[in-house]
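J.:
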Amino acid sequence: METFDIYVRSPFGKYKGTISFSRDNGRVEGFLSFQIFSADFSGAASGDDISFKGSMETPMGKFDFDARATIKDGRIDGSAETRLGTMTFSSKEGR
4 METFDIYVRS PFGKYKGTIS FSRDNGRVEG FLSFQIFSAD FSGAASGDDI
54 SFKGSMETPM GKFDFDARAT IKDGRIDGSA ETRLGTMTFS SKEGR
């Protein structure tokens, strides 16, 4: 299991969270959380790249996301397409 503390930039601000996942035979499965929200996800893995989809329940309703990320040099950087627009996430706080 790979786990990273991440910073999520959303239209509502920047939040600290966690992403954990396992990669096996071209598949990725994991768990994403930030603030009081969390979601399971699954998708594909190829080398340093992963792509995954999931849904998160929020007070504003179901929140689907379609994300892509790169894991390199001990960090993760990615973005997620949502109904509220693109959200970025990184294990580096300044991103």
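Taking this note's numbering, the leading residue of the sequence shown gets 4, the next gets one more, and so forth. Ideal placement from N, C-alpha and C gives every residue a C-beta, glycine not left out. Quick caveat, the model's predicted, so the values are computed rather than measured.
#1: Can you tell me where the beta strand (DSSP E) with Met-90 in it begins and where it stops?
#2: Starting from the C-beta of Ser-58, find all residues in its chain whose C-beta is less than 8 Å away, skip the five residues before and the five after it, and write them out in chain order.
#3: Return the CA-CA distance between Asp-52 and Thr-73, expressed in angstroms with no decimal places.
#4: Compute the Euclidean distance between the alpha carbons of Thr-89 and Lys-17, then round it to the nearest angstrom.
#5: Residue range of the beta strand (DSSP E) that Gly-16 falls in?
T.: Judging by the given coordinates:
#1: 88–93 is the span of the beta strand (DSSP E), which, as asked, contains Met-90.
#2: Closer than 8 Å at the Cβ level, and outside the excluded window around Ser-58, lie Ala-42, Lys-65, Phe-66, Asp-67 and Phe-68.
#3: Rounded to the nearest angstrom, the two C-alpha atoms are 5 Å apart.
#4: Roughly 13 Å between the two C-alpha positions.
#5: Judged by DSSP secondary structure, Gly-16 falls within the beta strand (DSSP E) whose first and last residues are 16–27.
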